[in-house]
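**Student:** Chains as they are written, first to last, in my numbering: chain C, 338 to 557; chain Y, 42 to 395.
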Amino acid sequence: MEGRSTVASEQELLEEIRAAVIAGDLASIGGLTSRALEAGLAAATVMDDGLILAMSVVGDRFEKKEYFVPEVLVSARAMDASLSILRPLLEESNVEPLGSVAIGTVKGDLHDIGKNVVAMVLTGAGLAVENLGTDVPVSAFVEAARAGAQVIGMSSLLTTTRPVMADVVRALEGVGLRDTVKVVIGGAAVTARFAEEIGADAFGKNATDAVRVVKRLLEA
Amino acid sequence: MALIDVIGSVGRDRRLRPLGLALMPALRHIRLSTMVRLAGRRMCIPSAGYAAIALSGTTIGENLRDGRRMFSTLESAISEFRLEADGTVSDLTIEPEACGCPVEIPDDSTPYVREHPVSSIEDVRALEVPDPAAAPRMRAMTETVRLLSKRFTLPTVAGGSGPFTLAAELVGASEAALYTITEKDLMHELLRYCTRVCTSYIRALVDAGAEVVLMGEPTAAILSPDTYSEFSGSYTAEVIAALPRPVILHICGDAGHLIEAMCATGAQGLSLDAPVDLPAAAERVPRDIVLVGNLDTVSVLLEGTPGEVRSRTLEMLESMRPYPNYVASSGCDLSYNTPPENVVAMIETVREFR
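Here it is as structure tokens:
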């Protein structure tokens, strides 16, 4: 009996964690995460069955237009708060992320929202995401690839900054890293046609599409 | 000859200015939707300001800092493309700069706000409403509008920023989105300020001769319908109510979910971007509100050939045939790098369509 009630409360805690992330409840997520760990749940379980499941619900709602950017941002903030508790434990137990992505808005462009939403949804899908920020120079993308990122994600909302994406692809070729890294582009300034033209591996139409594309590329 | 072609040729011809001046007051008293219905053919108002700069051989910086230079650039484009309205270059960094944001104006790319100075309600309270006659680039744009309305008797379309978009430049876009949930008081205080700034600047443009206002509220596309109404729509409505000229409200990207809320602002026109299904939108918009759009500025106008532009323009026009309250345009501002022959292909296809 005792064992069963523990299982139930573990499930209840995970359910509460998911609910807190989906609702963007920053006030309770930290306490819930600590309680889950104290109750004996592994950090990886909290991550997989709590955060990732919750963020996939958030992603679904975003795709169905039940959630919009503000709702995704508050959910992501709650997810981040929980992750900051889990991360050291995940590192200790050598849990490998699904893959690693470095993402940024290219030089000359300071739009950050779309790129941030993509970064959050990718994190929520279990990938290790390095957010390089906005106005990111070619060298910073190359450096991220050199440091081991498996996927380079570039965003642009200004068509005049499109050439920077081509420069990054060429620079990766120049240093011999192009074959070891996948390049994905997105944002209102670019298209699948442009991705092909500059020799990127894929174009992500929106945040949920980006997750599908990145997972597909990592499996390939 | 369609009425709009008469208005266009009179409006562009210096020698016929007295006739144009006699026509303008009559046009001023009718709704945009009535004007569009009386036009005699589909109207085409491309947002071609940046493409016009590229065509002129001058830089973006030269134009955005110098009202007279921008006027010359637009004057050439209006004559070259035989435009039926004289629009300014859309520049949503003018108001943020006047409110204290540092702005970068590259020679060959769209200007952008470098830093967002507001992070607390105290910061908001310390902001002052800029004087359009004193802020250098507000003054430059006002000068452009004044010169355009002295040169042409066309409906001068002048652009201004919407309140939420200005607020998002002042606090940062991600912060603005987050604050609609976590810092509502700060956002409302900030939006009350932005409403005053937008109203005072657009009034100055109207005083200089603007006949139609194109309000750009792109950042609002990220909001849910309810959040939009609370943080953008209600403030937009205040600006519109304070203006003596019709407003076309533009939201970039996929704003399909906001159409009813946009209609509720009192805007006489909605300008929608390529991701929106325009015929479906038309079913949701009353016939006395004009829809403007929505040829894809990237995949069609920037990347396509003139032949592709023609066939996509025709598809768009056919799909909108049942709706009298429609003006053909690009979905958003044309990119600086748009091939001029593509702009011509769009305009001519619309002009010839019956």
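We put the beta carbon where it would ideally sit given N, CA and C, even for glycine.
In this text, all values refer to a predicted model and were calculated from it rather than measured experimentally.
1. Thinking just about the alpha-carbon of each residue, which of C:A526, C:A439, C:V521 is nearest to the one in C:R483?
2. Hey, would you say the C-beta of Y:V384 is under 7 Å away from at least one heavy atom of the ligand SAH?
3. At least one CB of chain Y closer than 8 Å to the CB of C:T497: is that the case?
4. What residue from C:P474, C:A526, C:R414 has the CA that sits closest to C:D504's CA?
5. Does the beta-carbon of Y:N335 have 16 or more other beta-carbons within 10 angstroms, so that it is buried, or is it exposed?
6. At what residues does the alpha helix (DSSP H) containing C:I535 begin and finish?
7. Cα separation between C:K552 and C:L459?
8. Going along the chain, which residues of its own chain have a beta-carbon closer than 8 Å to the beta-carbon of C:T471, five neighbours each way excluded?
9. Is the CB-CB distance between Y:V333 and Y:F122 below 8 Å?
10. Tell me whether the stretch 283-303 of chain Y and the stretch 418-438 of chain C touch, counting them as touching only if at least three CB pairs, one residue from each stretch, are closer than 8 Å.
11. Measuring straight from C-alpha to C-alpha, what distance separates C:D386 and C:G541?
12. Output the distance between the C-alpha atoms of Y:V170 and Y:R395, rounded to the nearest integer angstrom.
13. If you measure between the beta carbons of Y:R353 and Y:V341, is that distance less than 8 Å?
14. Is C:G396 close to chain Y, meaning its C-beta is less than 8 Å from at least one C-beta of that chain?
15. Rank Y:E230, Y:D295, Y:G108 by C-alpha distance to the C-alpha of Y:I263 and give the top, closest one.
16. Compare the C-beta of C:F405 with all C-beta atoms of chain Y and state if any pair is closer than 8 Å.
17. For Y:G250, which option in Y:L195, Y:A218, Y:P158 has the closest C-alpha, if you only look at C-alpha atoms?
18. Given that C:A526 touches chain Y, what residues does it touch there, using C-beta distances under 7 Å?
19. Is the distance from the Cβ of C:V521 to the Cβ of C:V550 below 8 Å?
20. Pick out the complete beta strand (DSSP E) segments inside the stretch 383-457 of chain C, 3 residues or longer, and give them in chain order.
21. According to DSSP, simplified to helix, strand and coil, what is Y:I48?
22. Determine, for Y:N378, whether the minimum Cβ-Cβ distance to residues of chain C falls below 8 Å.
23. With Y:L133 and Y:G257 assumed to form a contact (beta carbons below 8 Å), what rounded beta-carbon distance in angstroms separates them?
24. Closer than 8 Å, Cβ to any Cβ of chain Y: which residues of the stretch 525-554 of chain C, in chain order?
25. Since Y:G49 contacts Y:E125 with CB under 8 Å, what's their CB separation in whole angstroms?
26. Helix, strand or coil for Y:M256 per DSSP?
27. Counting only the same chain and skipping the five closest in sequence on each side, list residues whose C-beta sits under 7 Å from that of C:V466.
28. Y:V47: which of Y:S241, Y:L79, Y:S160, Y:T75 sits nearest, CA to CA?
29. Taking Cβ positions, are Y:D318 and Y:C373 nearer each other than 8 Å?
30. Where does Y:Y220 sit, in a helix, a strand or coil, going by DSSP?
31. Closer than 7 Å by C-beta to Y:V159: which residues in its own chain qualify, once you throw out the five before and the five after it? Chain order, please.
32. Got a sec, what are the start and stop residues for the beta strand (DSSP E) C:K519 sits in?
33. I need the straight-line Cα distance from Y:E301 to Y:R56, nearest angstrom please.
34. Please classify Y:K225 as buried or exposed, where buried requires at least 16 neighbouring CB atoms within 10 angstroms.
35. Rounded to whole angstroms, how far is the Cβ of Y:S131 from the Cβ of Y:S88, which I believe are closer than 8 Å?
36. Over the uninterrupted beta strand (DSSP E) stretch that includes Y:H291, give me the two end residues.
**Tutor:** In brief:
1. Within the first sequence, the letter at position 146 stands for residue 483 of chain C. Ranking C:A526, C:A439, C:V521 by Cα distance to C:R483 puts C:A439 first.
2. This structure does not include the ligand SAH; it has no bound ligands of any sort.
3. Numbered from 1 along the first sequence, position 160 holds the residue referred to as residue 497 of chain C. It does; some Cβ of chain Y falls within 8 Å.
4. Indexing the first sequence from 1 puts residue 504 of chain C at position 167. When only C-alpha atoms are compared, the closest one is C:P474.
5. Along the second sequence, read from residue 1 onward, the residue named residue 335 of chain Y stands at position 294. So Y:N335 ends up on the buried side.
6. Position 198 of the first sequence holds residue 535 of chain C. Per DSSP, C:I535 belongs to the alpha helix (DSSP H) from 529-535.
7. For the purposes of this step, residue 552 of chain C is taken as residue 215 along the first sequence, with counting starting at 1. For the purposes of this step, residue 459 of chain C is taken as residue 122 along the first sequence, with counting starting at 1. Distance between the alpha carbons of C:K552 and C:L459 is about 9 Å.
8. Residue mapping note: residue 471 of chain C aligns to position 134 of the first sequence, counting from 1. Taken in chain order, the residues that qualify are G441, T442, D446, L447, H448, D449, K452.
9. One-based indexing of the second sequence puts residue 333 of chain Y at position 292. One-based indexing of the second sequence puts residue 122 of chain Y at position 81. Contact flag unset, no.
10. no
11. Taking the first sequence and counting its residues from 1, one reaches residue 386 of chain C at position 49. Taking the first sequence and counting its residues from 1, one reaches residue 541 of chain C at position 204. Each residue's alpha carbon lies about 26 Å from the other.
12. Translated into the one-based positions of the second sequence, residue 170 of chain Y becomes position 129. Translated into the one-based positions of the second sequence, residue 395 of chain Y becomes position 354. Looking at the two C-alpha atoms, the distance is approximately 47 Å.
13. As a first step, residue 353 of chain Y is located in the second sequence; it is residue number 312 there, counting from the start. As a first step, residue 341 of chain Y is located in the second sequence; it is residue number 300 there, counting from the start. Cβ distance < 8 Å, so Y:R353 and Y:V341 count as in contact.
14. Start at 1 with the first residue of the first sequence, and residue 396 of chain C comes out as number 59. C:G396 does not count as touching chain Y.
15. Numbered from its first residue, the second sequence carries residue 263 of chain Y at position 222. Of the listed residues, the one whose Cα sits closest to Y:I263 is Y:D295.
16. Along the first sequence, read from residue 1 onward, the residue named residue 405 of chain C stands at position 68. Interface residue, yes.
17. Start at 1 with the first residue of the second sequence, and residue 250 of chain Y comes out as number 209. It is Y:L195 whose Cα lies nearest to the Cα of Y:G250.
18. Looking up residue 526 of chain C in the first sequence gives position 189. Simply V339.
19. Numbered from its first residue, the first sequence carries residue 521 of chain C at position 184. Numbered from its first residue, the first sequence carries residue 550 of chain C at position 213. Yes, Cβ-Cβ distance for C:V521 and C:V550 is below 8 Å.
20. 437-443
21. Translated into positions along the second sequence, residue 48 of chain Y becomes position 7. Y:I48 falls in the helix class under three-state DSSP.
22. Taking the first residue of the second sequence as position 1, residue 378 of chain Y is located at position 337. Output row for Y:N378: interface = yes.
23. On the second sequence, position 92 is the one that residue 133 of chain Y refers to. On the second sequence, position 216 is the one that residue 257 of chain Y refers to. Correct: roughly 5 Å between the Cβ atoms.
24. A525, A526, V527, T528, R530, F531
25. In the second sequence, counting from the first residue as 1, residue 49 of chain Y sits at position 8. In the second sequence, counting from the first residue as 1, residue 125 of chain Y sits at position 84. Right, the Cβ-Cβ distance comes to about 4 Å (below 8 Å), so this counts as a contact.
26. Working through the second sequence from its first residue, we reach residue 256 of chain Y at position 215. Of the three classes helix, strand and coil, the one that applies to Y:M256 here is strand, per DSSP.
27. Start at 1 with the first residue of the first sequence, and residue 466 of chain C comes out as number 129. If we look at C:V466 and ignore the five residues flanking it on each side, its Cβ neighbours are V438, I440, A456, L459, T460.
28. Working through the second sequence from its first residue, we reach residue 47 of chain Y at position 6. For the residues Y:S241, Y:L79, Y:S160, Y:T75, the minimum Cα distance to Y:V47 belongs to Y:L79.
29. Taking the second sequence and counting its residues from 1, the one referred to as residue 318 of chain Y is at position 277. Taking the second sequence and counting its residues from 1, the one referred to as residue 373 of chain Y is at position 332. Against a cut-off of 8 Å, the Cβ pair of Y:C373 and Y:D318 comes out as no contact.
30. By 1-based counting over the second sequence, the position of residue 220 of chain Y is 179. Looking at Y:Y220 - three-state DSSP - the assignment turns out to be helix.
31. One-based indexing of the second sequence puts residue 159 of chain Y at position 118. Cβ neighbours of Y:V159 beyond the five flanking positions: V165, L211, V212, L231.
32. By one-based count along the first sequence, residue 519 of chain C stands at place 182. C:K519 -> beta strand (DSSP E) spans 519-523.
33. Along the second sequence, one-based indexing puts residue 301 of chain Y at 260. Along the second sequence, one-based indexing puts residue 56 of chain Y at 15. Straight-line Cα distance between these residues: approximately 44 Å.
34. On the second sequence, position 184 is the one that residue 225 of chain Y refers to. Y:K225 comes out exposed.
35. On the second sequence, residue 131 of chain Y is found 90 positions in, with the first residue counted as 1. On the second sequence, residue 88 of chain Y is found 47 positions in, with the first residue counted as 1. That pair is a contact at about 6 Å.
36. The residue labelled residue 291 of chain Y in the question sits at position 250 within the second sequence. Start and end: 288-292.
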